[in-house]
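Chemist: Protein chains in written order, with the numbering used here: chain A, 1 to 301; chain B, 1001 to 1266. The beta-carbon is built from N, C-alpha and C at its ideal position, and this holds for glycine as well.
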Amino acid sequence: MTSAGITVVGTAARPGRGGRRLPLTWLGVVPFFAYVGVFLLLPTLFLVAGSFAARDGSLTLSNFTSINQPFLVQAFMNTAVVSLVSALVGGIAGALLAYAVVTGNPRGILRRSVTSASGVLAQFGGVTLAFAFLATLGPATGLVTVFLLDHRIDIFPSGVWLYELSGLTLLYCYFQIPLMVIVFLPALDGIRPQWREATESLGGNTWHYWRYVAGPLLAPSFLGCTLLLFANAFSAYATAQALISQGSKIVPLAISNLLTSETGRAQPGLAKALALAMIVIVALVTVLYAVLQRRSSQWLR
Amino acid sequence: MSRARRLKLRVFRVAVFLVLGAFFLIPIGAMFEFSTRGDTVTSPRTLDAWKAIITVPDLVQAITASLQLAVITSVAMLLLLLPTMVWVRLRLPGLKRIIEFICLLPLTVPAIALVVGMVPLYRWIKINVSDSILMLALAYLILVLPYTYRTLDAGLASIDLKTLTEAARSLGAGWGTVMMRVIVPNISTAILNACLLSVALVLGEFTFANLLFYENMQVAILYESFVSAGTSIAVAVASLLFAFALLMILSFIGRPRDRVARAEEA
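And the structure:
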C-alpha cells in the first residue's frame, strides 16, 4: 500500500478488494485525528478566533491593543526578566554541574544518580515546589530562616522577597538547573579528550583551550539550551500561582486572573490574546533552540 | 593530566556537588521537617499532620480522583496511540512525520495558553456530557502525548515490526492477536515507561484542573494549605515521594535498552 495513490487510479473503476482497501487503510488513523482535532486543534482555533472577537462576537483587534495597559506590559517585562535570569543562572549552574558529572566516571554511580535525579527534578514544579521553599525559607517558620535567625542572620532585612519576583526566580532555578543538565550533557559528552591534548601539544594552556577550542564548540549548544530554559520558565504557571496567588505579576498569572475573575471583570478575549502572544513567543524561542541545536551537532556528536 | 590540574578539577567537582547538593536536598528535607512538627517549637516530633490526611474528605476525594485520572489517561493513551503508531508504520509510512509533529506540538504550546482555548470546550462537556472530574483525562491525554510518543516510538523502532506482523498474519492471526500477543510483549518496557511517565505527569498536574474548575490532588493540596499547612505539606511530600519512586523505577528499567542501542551505534 505504499504506492496507494497509484493503485487507486488503477483500480478505482473496478469493484472488489482494490477499491475498498484505501478507505479501510485510512480508517485506522481516524480515531487519532478525530481526538487531536477536538482536543488540540479546536481549542487552538477557539483561542485564535476568540482573541480577534469582541464581546458581541464581532471582529476586532481591541484585545491586542488592550494588552498595551501598564499592568500587562509590566507583567510581560516581569515574565521576561524572571525567565531570563532563571535561564542564565540555571544555564550556568546546570552547565557547571554537567561538567562536574562528565569529568567523572561515565559508568559511575554519581553520574547515574545525578542524571536520574535531574530527570525527576526537571519535572518538579508547581504546588509542591512552592511548599518546599515555604518550609525552607518561609518567614518566621522556615527551617533555614529559623536556623539563620538563631545565628543572628536575617535573610529578610528589608521585607520578605520570597513572594516577590526574586523569590520566584530562585524557585524556578530549582527545575531549570536539572533541565540544563539533561539537555546539555550530550553536548559535553561530544567533547573529545584528544582536543585538549592537541591544544597542549601545540603549547596552549587551559585558558587557550576554553577560549579557542571548547568554548566556541559549546557556545551554540549552551545558547540553545539556555533558550529552551527561557521558554520553559516563560510557560510556567503552577509554581507562581501557589507561591504568589494574588495579583498579575507575570503573564500566566494575568491570564489566569482574567479567565477566572468572579467579580464580573473576567475578560476572556484579552486572556486569549495574551495566550496567543505567549504561544508566539515560546514558539519563536523553541524554533531558535532547534536551529542552534542542529548547528552545534555538526561538531559534537 | 598534570597533578595541579587534577587537584583543581577535584576541588571544582567537590565544590559544585556540595553547593548544588545543598540547594536541592535542603528544601525537600525542610518539607519533611515541617510536616512532622508539633504545635509549638518545643513539642516533640509528631505524625499528626500525616494522620490527618485521611480525615479530610476533600483531600481523600481529590487524591482518589487523581489516581483514577492517572490510570484512565494511561490506558486511553495506549489505546489511542499504540494502534495508530503501529498502523502508520505498517500501512501509511508517509503519515509518520505528521503524526510525530502533532504529538510533539503540545511541548511548544504552554499549558496555561492551551487551557484558555479548552475553557469553552469544557463548558460544553460539563453541560452536555458529564461534569465528572474524570473528563479531565481527555485533556491530560494531550499533555502526555509528546512524552509517550517518544517512548513508544523508540520501542517500536527497536523491533522488526513488519516481519513480526507479517509472520503472525501469515500464521492466521487477526489484528487483535497481533497487537496483544506479538507487538505488546515485544515492547513491554516502552509501554511501561510510557505509562509511568503519564502517571507522574497526571499526578503533578495543576494548571488544567485549576483553570477548568476541577479539584484534583494538586488543587486540593493548595486549598488545604489555607486550612492546615502541615497536612497539605504532608500530602505534597507523599505525592512527591510517589512520583520520585515512579520515575526512579523508570530511569532504571530504561537503562538496558539504552545500552544496547548505544552499543549498536558505536
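#1: Pull up the DSSP beta-bridge partners for Leu59 of chain A, would you.
#2: Report all residues from its chain with a CB closer than 7 Å to the CB of Ser83 of chain A; omit the five preceding and five following residues, and keep chain order.
#3: If contact means a Cβ-Cβ distance below 8 Å, which residues of the stretch 1156-1172 of chain B contact chain A?
#4: What is the DSSP secondary structure of Asp1131 of chain B, reduced to helix, strand or coil?
#5: Quick one: does Val1202 of chain B have its CB under 9 Å from some CB of chain A?
#6: Counting only beta-carbon atoms, is Val1184 of chain B nearer than 9 Å to chain A?
#7: Taking the runs of the alpha helix (DSSP H) that are 4 residues or longer, which of them lie wholly in the stretch 1191-1261 of chain B?
#8: Any beta carbon of chain A sitting closer than 9 Å to that of Trp1087 of chain B?
#9: Rounding to the nearest angstrom, what Cα-Cα distance links Arg196 of chain A and Tyr209 of chain A in this structure?
#10: What alpha helix (DSSP H) runs, 4 residues minimum, are completely inside the stretch 186-264 of chain A?
#11: List the residues of chain A whose Cβ lies closer than 9 Å to the Cβ of Asn1210 of chain B, in chain order.
#12: So that I know if they touch, is there some Cβ in chain B lying closer than 9 Å to that of Lys249 of chain A?
#13: Going along chain A in order, which residues have a C-beta closer than 8 Å to the C-beta of Thr1036 of chain B?
#14: Tell me, please, whether the CB atom of Met1320 of chain B is closer than 9 Å to any CB atom in chain A?
#15: Once you ignore the five residues that flank Ala1194 of chain B on each side, which residues in its own chain have a CB closer than 6 Å to its CB?
#16: In the DSSP assignment, find the alpha helix (DSSP H) that holds Trp161 of chain A and state where it starts and stops.
#17: Quick check on Met1135 of chain B - is its C-beta less than 9 Å from some C-beta in chain A?
#18: Quick one: what's got a C-beta closer than 7 Å to Leu1246 of chain B's C-beta in the same chain, skipping five residues either side?
#19: For chain A, find out if any of its Cβ atoms is closer than 9 Å to the Cβ of Pro1199 of chain B; answer yes or no.
#20: Along chain A, in chain order, which residues have C-beta atoms closer than 7 Å to that of Gly1117 of chain B?
#21: Is any beta-carbon of chain A found at less than 9 Å from that of Gly1299 of chain B?
#22: Classify Phe46 of chain A as helix, strand or coil using the three-state DSSP reduction.
#23: Run down chain A in chain order and give the residues with a C-beta less than 7 Å from the C-beta of Ile1125 of chain B.
#24: On the three-state DSSP scale, how would you describe Leu1171 of chain B?
#25: Using a Cβ-Cβ cutoff of 9 Å, what residues of the stretch 132-146 of chain A are near chain B? List them in chain order.
#26: What are the residues in the stretch 174-185 of chain A lying within 9 Å of chain B by C-beta distance?
#27: I believe Thr128 of chain A touches Gly138 of chain A by the beta-carbon criterion, under 8 Å. Please report the beta-carbon distance rounded to the nearest angstrom.
#28: Hey, Ala1112 of chain B and Tyr237 of chain A are a contact pair by Cβ (cut 8 Å); roughly how many whole angstroms apart?
#29: Could you name the residues of chain A that Arg1013 of chain B contacts, counting a contact when the two beta carbons are closer than 8 Å?
#30: Distance check for Val181 of chain A and Leu47 of chain A, CA to CA, integer angstroms please.
#31: Look at Val1184 of chain B and Leu1082 of chain B and say whether their C-beta atoms are less than 9 Å apart.
#32: Here's a check: name, in chain order, each residue in its chain whose Cβ is nearer than 6 Å to the Cβ of Phe133 of chain A, leaving out the five neighbours to either side.
#33: Do Phe71 of chain A and Ala266 of chain A count as a contact pair if the criterion is CB distance below 9 Å?
#34: Along the alpha helix (DSSP H) that carries Ser1066 of chain B, what are the first and last residues, could you check?
#35: Rounded to whole angstroms, what's the CA-CA distance from Leu288 of chain A to Ser221 of chain A? Just pull it up for me.
#36: With 9 Å as the threshold, decide whether the Cβ of Leu1059 of chain B is near any Cβ in chain A.
Modeler: Answer, in terms of the structure:
#1: Its beta-bridge partners are A:Ala53.
#2: Correct list, in chain order: Phe230, Ala233, Phe234.
#3: The stretch 1156-1172 of chain B vs chain A, Cβ under 8 Å: nothing.
#4: Coil at Asp1131 of chain B, not helix or strand.
#5: So no, Val1202 of chain B is outside the interface.
#6: For Val1184 of chain B, the nearest beta carbon of chain A is not closer than 9 Å to its own beta carbon.
#7: The qualifying runs are 1207-1211, 1217-1227, 1229-1253.
#8: Closer than 9 Å to some Cβ of chain A, the Cβ of Trp1087 of chain B qualifies, so yes.
#9: Rounded to the nearest angstrom, the two C-alpha atoms are 7 Å apart.
#10: Annotation note: the stretch 186-264 of chain A contains the following uninterrupted alpha helix (DSSP H) runs of length 4 or greater, listed N- to C-terminal: 193-201, 215-235, 238-243, 251-260.
#11: In chain order: Tyr237, Ala238, Gln241, Ser256, Thr260.
#12: Between Lys249 of chain A and chain B, the shortest Cβ-Cβ separation is not below 9 Å.
#13: Correct list: empty, because the minimum Cβ distance to chain A is about 11 Å.
#14: The structure shown does not extend to residue 1320 of chain B, since chain B is modelled only from 1001 through 1266, so no value can be given for it.
#15: The beta carbon of Ala1194 of chain B sits closer than 6 Å to the beta carbons of Thr1148, Thr1151, Leu1152 from its chain, once the five residues preceding and following it are set aside; these are given in chain order.
#16: First-last for Trp161 of chain A: undefined, no H or E at that position.
#17: Against chain A, the CB of Met1135 of chain B has no partner CB under 9 Å away; the residue lies outside that interface.
#18: Leu1196, Val1199, Ala1200.
#19: Looking at the sequence itself, residue 1199 of chain B is Val, so the reference to Pro does not match. Residue contact with chain A for Val1199 of chain B: absent (no Cβ-Cβ distance below 9 Å to any residue of chain A).
#20: Under the 7 Å cutoff, chain A gives Pro43, Thr44, Phe46, Leu47.
#21: Outside the displayed range of chain B (1001 to 1266) lies residue 1299 of chain B, so it cannot be described from this structure.
#22: In the structure shown, Phe46 of chain A sits in a helix (DSSP, three-state: H, G or I).
#23: Those do not exist, as Ile1125 of chain B stays about 10 Å from chain A at its closest Cβ, beyond 7 Å.
#24: In the structure shown, Leu1171 of chain B sits in coil (DSSP, three-state: anything other than H, G, I, E or B).
#25: Against chain B - using a Cβ distance shorter than 9 Å - the residues of the stretch 132-146 of chain A are Ala132, Phe133, Leu134, Ala135, Thr136, Leu137, Gly138, Thr141, Gly142, Leu143, Val144, Val146.
#26: Those residues of the stretch 174-185 of chain A placed with their C-beta closer than 9 Å to a C-beta in chain B are Tyr174, Ile177, Pro178, ordered along the chain.
#27: Contact doesn't hold; Cβ gap of about 15 Å is too wide.
#28: Note on residue identity: the sequence assigns Ile, not Ala, to residue 1112 of chain B. The pair is a contact, with the Cβ atoms about 4 Å apart (cut-off 8 Å).
#29: Arg1013 of chain B reaches chain A at Ala100, Thr103, Gly104, counting residues in chain order whose Cβ is nearer than 8 Å.
#30: Going from the Cα of Leu47 of chain A to the Cα of Val181 of chain A covers about 34 Å.
#31: For Val1184 of chain B and Leu1082 of chain B, yes; Cβs fall inside 9 Å.
#32: For Phe133 of chain A, the CB contacts under 6 Å within the same chain, skipping 5 residues up- and downstream, are Leu171 in chain order.
#33: No. Outside cutoff.
#34: In the DSSP annotation of this structure, the continuous segment of the alpha helix (DSSP H) that includes Ser1066 of chain B starts and ends at 1057-1091.
#35: If I take the Cα positions, the gap works out to 11 Å.
#36: Chain A contact via Cβ: absent.
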